[in-house]
Amino acid sequence: MSVADRARRASASARVALFAERLVATARIWSPSKSRPLPRVVADIGPWVPVWLVTAVTAGVAVASAAIVTRGTVPWAIVLATIAITVAQPDGPGAGIFAVTIGVLLVASGTEPFAWPLYVLLATVHLVVVLSALTSGLPRRARFELALLVAPGRRFLAVQAVAQPLALLGAVVTGAGVTLPWLPVAAGLGLVVLAWRLDVRVGDDGDG
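Numbering (my numbering), first residue to last: 4 to 211.
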């Protein structure tokens, strides 16, 4: 055998050995038993409650608010329907419809325009709107971090710090002989809308 033939055979053997080595390396990479396990990632979100619990609290506050001014089977059916919409679709118009319905029932109930139900409803209806916005788009079984309540809670208190004194001012005006039964309702609805816009604006800024 000539030297050239031996060189060609040695070169062919080297190429086969190199190919086999690469094949074994590839098999090791893709083999589940040989590959390194993926690291386990755990997110620490702090104290939390399930989203369904926040939704249940929203429904409870809504029912309690309705109980103050709702009388009769038909009004209750309407209110419960708006609450069901709010709970089923927190990102829908349910909370706004609920607020309007409570305002209409407050006037229709014949209660004094600036009696105690107004001050309670200003807070509870506002709270329903805020909680509904917080659970918007979240699965029922998801974890809701309690720290998420801090910023909306501050905005809630800020709005109430304006709403409640305005209601008291309305009571003073009414005591002077002016009867404006729709004034507290309009003011309350306006503040609820303002609070909703603040929540949306802050949410958009956070997403950006």
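The beta-carbon is built from N, C-alpha and C at its ideal position, and this holds for glycine as well. Since we're looking at a predicted model, the values are computed, not measured.
In this structure, the CA atom of residue 53 is about 17 Å from the CA atom of residue 92. When only Cα atoms are considered, residue 140 and residue 79 end up about 27 Å apart.
Residue 66 places its beta carbon less than 8 Å from that of residue 86. Note on geometry: alpha-carbon atoms of residue 137 and residue 146 lie some 12 Å from one another. In the structure shown, the three-state DSSP call for residue 53 is strand. A direct Cα-Cα distance of roughly 13 Å separates residue 148 from residue 155. With fewer than 16 other CB atoms across the displayed protein chains lying within 10 angstroms of its CB, residue 49 is exposed. Cβ-Cβ separation between residue 68 and residue 127: approximately 4 Å, consistent with a contact (criterion under 8 Å).
Distances from the CA of residue 120 to each of 170, 56 and 95 were compared; the closest alpha carbon is that of 170.
Beta-bridge partners assigned by DSSP to residue 148: 51. Within the same chain, and ignoring the five residues on either side of residue 130 in sequence, the residues whose Cβ sits closer than 6 Å to its Cβ are 64. Setting aside the 5 residues that flank it on each side, residue 163 is surrounded in the same chain by 125, 126 and 129, each with a C-beta closer than 8 Å to its C-beta; the list follows chain order. Going by DSSP, residue 98 is part of the alpha helix (DSSP H) stretching over 97-111. Nearest in C-alpha terms to residue 107, of all of 176, 61, 157 and 71, is 71.
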